[in-house]
Amino acid sequence: MLSGPARTTTAVTVSIARDPALVRTVRLVAAAVARRTTGDEDFVEEIRLAVGEACALLVGPDGDRGASTGPVLVNMRIEDRLRVAVRAAGSVAGQDPPSSDIDGVEPWALLRGLIDDFGIVTDADGTTLSMSWPLR
Amino acid sequence: MDLSLETRHEDGHTIIEVGGEIDVYTAPKLRDKITELVGNGDYHLVIDMEKVDFLDSTGLGVLVGGLKKVRAHDGSMRLICNQERLLKIFRITGLAKVFAIHGSQADALAER
Numbered sequence: 049m050l051s052g053p054a055r056t057t058t059a060v061t062v063s064i065a066r067d068p069a070l071v072r073t074v075r076l077v078a079a080a081v082a083r084r085t086t087g088d089e090d091f092v093e094e095i096r097l098a099v100g101e102a103c104a105l106l107v108g109p110d111g112d113r114g115a116s117t118g119p120v121l122v123n124m125r126i127e128d129r130l131r132v133a134v135r136a137a138g139s140v141a142g143q144d145p146p147s148s149d150i151d152g153v154e155p156w157a158l159l160r161g162l163i164d165d166f167g168i169v170t171d172a173d174g175t176t177l178s179m180s181w182p183l184r
Numbered sequence: 439m440d441l442s443l444e445t446r447h448e449d450g451h452t453i454i455e456v457g458g459e460i461d462v463y464t465a466p467k468l469r470d471k472i473t474e475l476v477g478n479g480d481y482h483l484v485i486d487m488e489k490v491d492f493l494d495s496t497g498l499g500v501l502v503g504g505l506k507k508v509r510a511h512d513g514s515m516r517l518i519c520n521q522e523r524l525l526k527i528f529r530i531t532g533l534a535k536v537f538a539i540h541g542s543q544a545d546a547l548a549e550r
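Chains as they are written, first to last, in the working numbering: chain A, 49 to 184; chain B, 439 to 550.
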């Protein structure tokens, strides 16, 4: 754990296959990165939830990946803020029509509610979810 | 930690004690358990989430789906949860107003 503001930029990138079983691994890494900035476990939990949620939305549920292939890339950087970008090629589950399982739960509601600085950018190469938090 | 599911019957309700993480990987197991119970005629469910370490929107979706299933049979689904980090997720998504959330099994079973 760093004392005070981060003195050097820390950057961690994780690439996972679109396998729901691997999302938990990303959550563990996200929590470890968050702990480099603070001892506040509530903050660490928020990062773990948000990064896991973003990753899960791009990975999609098992058997519901459609034509989407390729890895999901998660980049976490400790700069002036803790910045996280989650990127995947192709369409993403969160933009598909709701299945019966998520009917009634707007897929992005949790992320939008959790994070003040949250953005979605879709281009020809894929979709990127960006989020950041002030350092504590 | 994987997902653990233990089921028992009490006072006219079927209690599912859930432990571990409910996420995009494990939520289908909970969905299948609820589907199995409803298929067996268990329409009054109590989901005990006291031992749940993690919940994402996939898990929320399974709970909403379960609620719809039991309501289709005039049943009920009550949740037991007093962990603030999980309650926050229900509040953010507006589902705190959709589910009956209780602090203990005794409270959940006492409600008529």
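Glycine included, every Cβ here is placed at the ideal spot set by N, Cα and C. Owing to the predicted nature of the structure, the values given are computational and were not obtained by experimental measurement.
Inter-residue distance for residue 472 (chain B) and residue 483 (chain B) is about 8 Å (C-alpha atoms, whole angstroms).
Residue 446 (chain B) is outside the set of residues whose beta carbon lies under 8 Å from a beta carbon in chain A.
Within the DSSP bridge table, the entry for residue 181 (chain A) names A:130 as partners. Rounded to whole angstroms, the gap between the alpha carbons of residue 177 (chain A) and residue 522 (chain B) is 26 Å.
With a threshold of 8 Å between beta carbons, residue 68 (chain A) makes contact with chain B. According to the DSSP assignment, residue 468 (chain B) belongs to the alpha helix (DSSP H) that extends over 465 to 477. At least one C-beta of chain B is nearer than 8 Å to the C-beta of residue 72 (chain A). Comparing alpha carbon positions, the residue from B:499, B:507, B:544, B:518 closest to residue 532 (chain B) is B:499. By alpha-carbon distance to residue 65 (chain A), the top candidate from A:104, A:170, A:89 is A:104. Take the alpha-carbon of residue 88 (chain A) and the one of residue 184 (chain A): they are about 8 Å apart.
For residue 102 (chain A), the enclosing alpha helix (DSSP H) starts and ends at 89 to 107.
Taken through DSSP and simplified to helix, strand or coil, residue 527 (chain B) comes out as helix.
The beta carbon of residue 161 (chain A) falls within 8 Å of a beta carbon belonging to chain B, placing the residue at that interface. Of the other Cβ atoms in all chains shown, fewer than 16 fall within 10 Å of the Cβ of residue 506 (chain B); this residue is therefore exposed.
For residue 73 (chain A), there is no enclosing beta strand (DSSP E); the enclosing alpha helix (DSSP H) covers residues 71 to 83. Of all residues in the stretch 481 to 511 of chain B, those with a C-beta nearer than 8 Å to a C-beta of chain A are 492, 494, 495, 496, 498, 499, 500, 502, 503, 506, reading in chain order. A contact is defined here as three or more CB-CB pairs under 8 Å, and the stretch 92 to 107 of chain A meets this definition with respect to the stretch 69 to 80 of chain A.
At a C-beta separation below 8 Å, residue 158 (chain A) has these neighbours in chain B: 494, 495, 498, 527, 530, 531. One finds 461, 462, 494, 496 in chain B with Cβ atoms closer than 7 Å to the Cβ of residue 104 (chain A), taken in chain order. With a minimum length of 4 residues, the unbroken runs of alpha helix (DSSP H) contained wholly in the stretch 482 to 525 of chain B fall at 495 to 509.
The CB of residue 523 (chain B) comes closer than 9 Å to the CB of 90, 93, 94, 97 in chain A, given here in chain order.
Per DSSP, residue 160 (chain A) is one residue of the alpha helix (DSSP H) stretching across 157 to 162.
Residue 107 (chain A) belongs to the set of residues whose beta carbon lies under 8 Å from a beta carbon in chain B.
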